[in-house]
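Residue 514 in the working numbering sits at position 439 of the sequence shown; the count goes up by one each step and never skips.
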Amino acid sequence: MANLLKTVVTGCSCPLLSNLGSCKVIPGKKDFLRTFHTHRALWCKSPVKPGIPYKQLTVGVPKEIFQNEKRVALSPAGVQALVKQGFSVVVESGAGEASKFSDDHYRAAGAQIQGVKEVLASDLVVKVRAPMVNPTLGVHEADLLKTSGTLISFIYPAQNPDLLNQLSKRKTTVLAMDQVPRVTIAQGYDALSSMANIAGYKAVVLAANHFGRFFTGQITAAGKVPPAKILIVGGGVAGLASAGAAKSMGAIVRGFDTRAAALEQFKSLGAEPLEVDLKESGEGQGGYAKEMSKEFIEAEMKLFAQQCKEVDILISTALIPGGFLVTQRMLDMFKRPTDPPEYNYVYLLPAGTFVGGYLAALYSGYNIEQIMYLGSGLCCVGALAGLSTQGTARLGNALGMIGVAGGLAATLGGLKPSPELLAQMSGAMALGGTIGLTIAKRIQISDLPQLVAAFHSLVGLAAVLTCIAEYIIEYPHFATDAAANLTKVVAYLGTYIGGVTFSGSLVAYGKLQGILKSAPLLLPGRHLLNAGLLAASVGGIIPFMMDPSFTTGITCLGSVSALSAVMGVTLTAAIGGADMPVVITVLNSYSGWALCSSGAILSYIMCVAMNRSLANVILGGYGTTSTAGGKPMEISGTHTEINLDNAIDMIREANNIIITPGYGLCAAKAQYPIADLVKMLSEQGKKVRSVPMTCV
Numbered sequence: 076m077a078n079l080l081k082t083v084v085t086g087c088s089c090p091l092l093s094n095l096g097s098c099k100v101i102p103g104k105k106d107f108l109r110t111f112h113t114h115r116a117l118w119c120k121s122p123v124k125p126g127i128p129y130k131q132l133t134v135g136v137p138k139e140i141f142q143n144e145k146r147v148a149l150s151p152a153g154v155q156a157l158v159k160q161g162f163s164v165v166v167e168s169g170a171g172e173a174s175k176f177s178d179d180h181y182r183a184a185g186a187q188i189q190g191v192k193e194v195l196a197s198d199l200v201v202k203v204r205a206p207m208v209n210p211t212l213g214v215h216e217a218d219l220l221k222t223s224g225t226l227i228s229f230i231y232p233a234q235n236p237d238l239l240n241q242l243s244k245r246k247t248t249v250l251a252m253d254q255v256p257r258v259t260i261a262q263g264y265d266a267l268s269s270m271a272n273i274a275g276y277k278a279v280v281l282a283a284n285h286f287g288r289f290f291t292g293q294i295t296a297a298g299k300v301p302p303a304k305i306l307i308v309g310g311g312v313a314g315l316a317s318a319g320a321a322k323s324m325g326a327i328v329r330g331f332d333t334r335a336a337a338l339e340q341f342k343s344l345g346a347e348p349l350e351v352d353l354k355e356s357g358e359g360q361g362g363y364a365k366e367m368s369k370e371f372i373e374a375e376m377k378l379f380a381q382q383c384k385e386v387d388i389l390i391s392t393a394l395i396p397g398g399f400l401v402t403q404r405m406l407d408m409f410k411r412p413t414d415p416p417e418y419n420y421v422y423l424l425p426a427g428t429f430v431g432g433y434l435a436a437l438y439s440g441y442n443i444e445q446i447m448y449l450g451s452g453l454c455c456v457g458a459l460a461g462l463s464t465q466g467t468a469r470l471g472n473a474l475g476m477i478g479v480a481g482g483l484a485a486t487l488g489g490l491k492p493s494p495e496l497l498a499q500m501s502g503a504m505a506l507g508g509t510i511g512l513t514i515a516k517r518i519q520i521s522d523l524p525q526l527v528a529a530f531h532s533l534v535g536l537a538a539v540l541t542c543i544a545e546y547i548i549e550y551p552h553f554a555t556d557a558a559a560n561l562t563k564v565v566a567y568l569g570t571y572i573g574g575v576t577f578s579g580s581l582v583a584y585g586k587l588q589g590i591l592k593s594a595p596l597l598l599p600g601r602h603l604l605n606a607g608l609l610a611a612s613v614g615g616i617i618p619f620m621m622d623p624s625f626t627t628g629i630t631c632l633g634s635v636s637a638l639s640a641v642m643g644v645t646l647t648a649a650i651g652g653a654d655m656p657v658v659i660t661v662l663n664s665y666s667g668w669a670l671c672s673s674g675a676i677l678s679y680i681m682c683v684a685m686n687r688s689l690a691n692v693i694l695g696g697y698g699t700t701s702t703a704g705g706k707p708m709e710i711s712g713t714h715t716e717i718n719l720d721n722a723i724d725m726i727r728e729a730n731n732i733i734i735t736p737g738y739g740l741c742a743a744k745a746q747y748p749i750a751d752l753v754k755m756l757s758e759q760g761k762k763v764r765s766v767p768m769t770c771v
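1. Is DSSP giving ALA480 helix, strand or coil here?
2. Following the continuous alpha helix (DSSP H) through THR562, name the residue where it begins and the one where it ends.
3. Could you name the residues of the same chain whose beta carbon sits closer than 6 Å to that of ILE305, not counting the 5 residues immediately before and after it, in chain order?
4. Runs of 4 residues minimum, wholly inside the stretch 606 to 651: which ones carry the alpha helix (DSSP H) assignment?
5. To the nearest angstrom, how far is the alpha carbon of LYS120 from that of ILE372?
6. Exposed or buried, LYS159, counting other C-beta atoms within 10 Å across all chains shown (16 or more means buried)?
7. Counting along the chain, where does the beta strand (DSSP E) carrying LEU349 start and finish?
8. Comparing C-alpha positions only, which one of LEU474, ASN442, MET447 sits nearest to LEU459?
9. Based on DSSP bridge pairs, tell me the residues matched to PHE331.
10. Is the Cβ-Cβ distance between ASN272 and ALA313 less than 9 Å?
11. From ALA480 to VAL430, what does the alpha carbon distance come to, in whole angstroms?
12. If you count every other CB in all the chains shown that lies within 10 Å of the CB of THR259, and 16 or more means buried, which is it?
13. State buried or exposed for GLY628, treating a residue as buried only when at least 16 other CB atoms are found within 10 Å of its CB.
14. Answer yes if the stretch 128 to 146 comes into contact with the stretch 185 to 195, meaning at least three C-beta pairs across the two stretches below 8 Å, and no otherwise.
15. Output the distance between the C-alpha atoms of ASN472 and GLY457, rounded to the nearest integer angstrom.
16. Using the C-alpha atoms, what's the distance from GLU355 back to LEU378?
17. Please go through the stretch 253 to 290 and give each complete alpha helix (DSSP H) segment of 4 or more residues, from N-terminal end onward.
18. Could you round the C-beta distance between MET252 and PHE289 to whole angstroms and report it? I think they count as a contact, below 8 Å.
19. Measuring CB atoms only, is the stretch 584 to 598 touching the stretch 524 to 539, in the sense that at least three cross pairs come out at less than 8 Å?
20. As a quick exercise: from ALA148, ILE723, PHE162, pick the residue whose alpha carbon is nearest that of TYR129.
21. Name the two residues that bound the continuous alpha helix (DSSP H) containing VAL421.
22. Tell me the DSSP secondary structure of ALA251 in three-state form.
23. Just reading off the beta strand (DSSP E) that ASN731 is part of, what are its end residues?
24. Is it true that the stretch 530 to 537 meets the stretch 567 to 581, where meeting means three or more beta-carbon pairs spaced less than 8 Å apart?
25. Do PHE619 and LEU638 have their C-beta atoms closer together than 9 Å?
26. Since I believe GLY330 is in contact with PRO348 (beta carbons under 8 Å), could you give me their beta-carbon distance rounded to a whole number of angstroms?
27. Using the three-state DSSP reduction, which class does GLU167 fall into: helix, strand or coil?
28. Looking at the unbroken beta strand (DSSP E) that takes in LEU226, where does it start and where does it end?
29. Using three-state DSSP, classify LEU526 as helix, strand or coil.
30. Using the rule of at least 16 other Cβ atoms within 10 Å of the residue's Cβ for burial, across every protein chain shown, is ARG764 buried or exposed?
31. Is VAL657 helix, strand or coil when you go by DSSP?
32. Excluding five sequence neighbours on each side, which residues of the same chain lie with their C-beta closer than 7 Å to the C-beta of VAL539?
33. Tell me whether SER463 sits in a helix, a strand or coil according to DSSP, three-state version.
34. Are the CB atoms of ALA380 and ASP332 nearer to each other than 9 Å?
35. Output the boundary residues of the beta strand (DSSP E) element that contains GLY39.
36. Within a Cβ cutoff of 6 Å, which residues of the same chain sit near VAL221, ignoring the five residues on either side of it in sequence?
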């Protein structure tokens, strides 16, 4: 501490103490005089006053009042070093008792023993823990500090903003020991490293006390005792201290760290460095490790599981990077004891009545599938209406699940499958549901567009397979059924639409996910290519309808499947990634005739929001050359640019504020900051509204 103070007053480059300095005045035969400059530039623009002589500067060492804290900021040896430098040191009575330093030891070192108020009123206060409320005095320690004084302590400013405000009101110059940079010039004052060094050594000592036998190997008359095997996770200061202590005690030491440099340090201490098969650098900023990938962590856990079967002692000194901040708004989303109870299981009553009633009618010999389809459809429509607002979203979800369950039950009841086929269908539905649930739980909210695109590709593939299967099943009845031609037309069109939806949705997914380039792919002669694909697809229906043979029919369906899949790629690839959400809605309306109207309406709404027509989005490149050329279109007009300060001023002056959230807000996950901003503005009496972009 004495060296720290000496360095602080002679040339510290820390921003908080940038105006500190010292001077030496040796006038003739007068006594040696040293001065200490306090930093006032943060709150005062006047010239800095001359420094304070060391002998007029008081250093205070208060007693730590944090629960179970046994450390003290200065030992008697440190006090003696400061006194030799010319400082006056005052120590609170009993400050060092928990560290086995009596008041007499401090007196012998040259310190004065005083009360807590006198100590905290010193020019410079050194503490281990940040100031807190003193339960004995009923006052905060920060309020007892001297105005314009200096505090050296662990502060953790990001965790204690209120404390910083209190210290700022006292005009206190603060040196946070936890913020000392990890550079060579500051290693002597890295208090975190010194504490970590002690913790690493102490971990080995405590482990040896509880282990029950020697660390080193022993050869006795009764036999040989093997040495202890110790695994140390984390090769920082604490981990290396543990490795050195354990190795000196004769144990077999193994060390693991994600950083190659730390593994080399383990090796230099005689420990065996452990590595995983996956090559990935763990070097982060400031000498710390970074958060590793999921694959690396899985390989890491596999290594630990194997090592834990062999080692006797495991010491973990690893700091986990990548912490997650839990905001107050997130906490408010958890259920509170005062919240009214929810009885979501009550929805099982109408669902059970709906499905159970159908099953009862089915076993009684009644065919009411059409009524079930109607009821399921109404539930799905009600679900869409319920999901439109947050207040009815849960009801909408429940209606949607009831509708889907009723539709599945009616479909199975209408098919009347054999037990073997029913088992296959149930297994397929269970597998699909499990996969869908797993993906839905892991997906980010900002990745929903590409998730929808991926699911739409499955819908298109299902349409192709269903139409081909329907043709195979109904083929024996085509010669005798008067409605055979209609069935064949539906099968052919369904195969074509399903193929376009399948490949187009995959391209949309690739562009949204970043797998494919977002820029439009303008193939040479793409319009002629698309026209040829369309003509071949339409022409294929002629032999399909005219030739009654099974081979011709399957060949035509297979051909139109391939042609439509290629056409889906060429059509979708020519559209930019920014328009993919609109493309998804169009493909949605293609793939399901029952949902055609809703898909088309949604596509129209999205196009209106972008001030574009549906034809402009889907056929935006029609009539232009396939390769870029010529002078680009010039856009003339005026615009106004503002910066952050201008935006803040405009918000402060405004009384009526409208927020237009878009996809960018979702991608940036800014909904919580926006909610906090709205709350703050509303408390100031401002009217804040949210208008979707589709309404602008």
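C-beta: ideal position from N, C-alpha, C; glycine also.
Well, looking at it:
1. By one-based count along the sequence shown, residue 480 stands at place 405. Three-state result, ALA480: helix.
2. Residue numbering aside, residue 562 sits at position 487 when the sequence shown is read from its first letter. Note, THR562: alpha helix (DSSP H), 559 to 588.
3. Indexing the sequence shown from 1 puts residue 305 at position 230. By the criterion of a C-beta distance shorter than 6 Å, ILE305 is surrounded in its chain by ALA321, ALA326, VAL328, ILE388, once the five residues flanking it on both sides are discounted.
4. List check, alpha helix (DSSP H) in window: 616 to 621, 625 to 648.
5. As a first step, residue 120 is located in the sequence shown; it is residue number 45 there, counting from the start. As a first step, residue 372 is located in the sequence shown; it is residue number 297 there, counting from the start. In this predicted model, LYS120 has a pLDDT of only 49, less than 50, meaning its place in the structure is not dependable enough to derive any value.
6. On the sequence shown, residue 159 is found 84 positions in, with the first residue counted as 1. Looking at its Cβ environment, which holds fewer than 16 other Cβ atoms inside 10 Å, LYS159 is exposed.
7. The count along the sequence shown starts at 1 and reaches residue 349 at position 274. Looking at the DSSP string, the run of the beta strand (DSSP E) that includes LEU349 is 347 to 349.
8. Taking the sequence shown and counting its residues from 1, the one referred to as residue 459 is at position 384. Nearest of LEU474, ASN442, MET447 to LEU459, Cα basis: LEU474.
9. Position 256 of the sequence shown, counting from 1, holds the residue named residue 331. Answer is VAL308, LEU349.
10. Here residue 272 is taken as the residue at index 197 of the sequence shown, counted from 1. Here residue 313 is taken as the residue at index 238 of the sequence shown, counted from 1. Taking a C-beta distance under 9 Å as the contact criterion, ASN272 and ALA313 qualify as a contact pair.
11. Within the sequence shown, residue 480 is the residue found at index 405, counting from 1. Within the sequence shown, residue 430 is the residue found at index 355, counting from 1. So the alpha carbons of these two residues sit roughly 7 Å apart.
12. As a first step, residue 259 is located in the sequence shown; it is residue number 184 there, counting from the start. By the Cβ neighbour-count rule, THR259 is exposed, with fewer than 16 other Cβ atoms within 10 Å of its own.
13. Looking up residue 628 in the sequence shown gives position 553. Under this definition GLY628 is a buried residue.
14. Output reads yes: the stretch 128 to 146 touches the stretch 185 to 195.
15. Within the sequence shown, the letter at position 397 stands for residue 472. Within the sequence shown, the letter at position 382 stands for residue 457. Taking the CA atoms as reference points, ASN472 sits about 9 Å from GLY457.
16. Working through the sequence shown from its first residue, we reach residue 378 at position 303. Working through the sequence shown from its first residue, we reach residue 355 at position 280. Rounded to whole angstroms, LEU378 to GLU355 spans 15 Å at the Cα level.
17. Complete alpha helix (DSSP H) runs here, min 4: 266 to 286.
18. In the sequence shown, the residue the question calls residue 252 occupies position 177. In the sequence shown, the residue the question calls residue 289 occupies position 214. Not a contact, Cβ separation roughly 38 Å.
19. In short, these stretches touch, since the Cβ pair count reaches three.
20. The sequence position of residue 129 within the sequence shown is 54, counting from 1. Out of ALA148, ILE723, PHE162, PHE162 has the C-alpha closest to the C-alpha of TYR129.
21. By 1-based counting over the sequence shown, the position of residue 421 is 346. Premise fails: VAL421 is in no alpha helix (DSSP H) and is neither H nor E.
22. The residue given as residue 251 occupies position 176 in the sequence shown. The answer is strand: DSSP assigns ALA251 an E or B state.
23. To locate residue 731, count along the sequence shown from 1; it is residue 656. From DSSP, the beta strand (DSSP E) with ASN731 extends over 731 to 734.
24. These segments touch.
25. Your numbering for residue 619 matches position 544 in the sequence shown. Your numbering for residue 638 matches position 563 in the sequence shown. It is not a contact, given that the beta carbons lie outside the stated cut-off.
26. Taking the sequence shown and counting its residues from 1, one reaches residue 348 at position 273. Taking the sequence shown and counting its residues from 1, one reaches residue 330 at position 255. At roughly 6 Å, the Cβ-Cβ gap stays under 8 Å, so PRO348 and GLY330 are in contact.
27. To locate residue 167, count along the sequence shown from 1; it is residue 92. Three-state result, GLU167: strand.
28. On the sequence shown, residue 226 is found 151 positions in, with the first residue counted as 1. Unbroken beta strand (DSSP E) run through LEU226: 225 to 228.
29. Counted from its first residue, the sequence shown places residue 526 at position 451. In this structure, LEU526 counts as helix in the three-state DSSP scheme.
30. For the purposes of this step, residue 764 is taken as the residue at position 689 of the sequence shown. With fewer than 16 other beta carbons inside 10 angstroms of its own, ARG764 counts as exposed.
31. As a first step, residue 657 must be located in the sequence shown, where it is residue number 582. In the three-state reduction of the DSSP assignment, VAL657 falls in the helix class.
32. Translated into the one-based positions of the sequence shown, residue 539 becomes position 464. Contacts found: THR570, GLY573, GLY574, PHE577, SER636.
33. If you number the sequence shown from 1, residue 463 lands on position 388. In the three-state DSSP reduction, SER463 falls in the coil class, being neither helix nor strand.
34. Here residue 380 refers to the residue found at position 305 of the sequence shown. Here residue 332 refers to the residue found at position 257 of the sequence shown. Not in contact: ALA380 and ASP332 (Cβ atoms no closer than 9 Å).
35. Limits of the chain in this structure are 76 at one end and 771 at the other, which puts residue 39 out of reach.
36. Counting from 1 along the sequence shown, the entry for residue 221 is found at position 146. Inspection of the sequence shows that residue 221 is occupied by Lys rather than by Val. Excluding sequence neighbours, LYS221 sits near ALA196.
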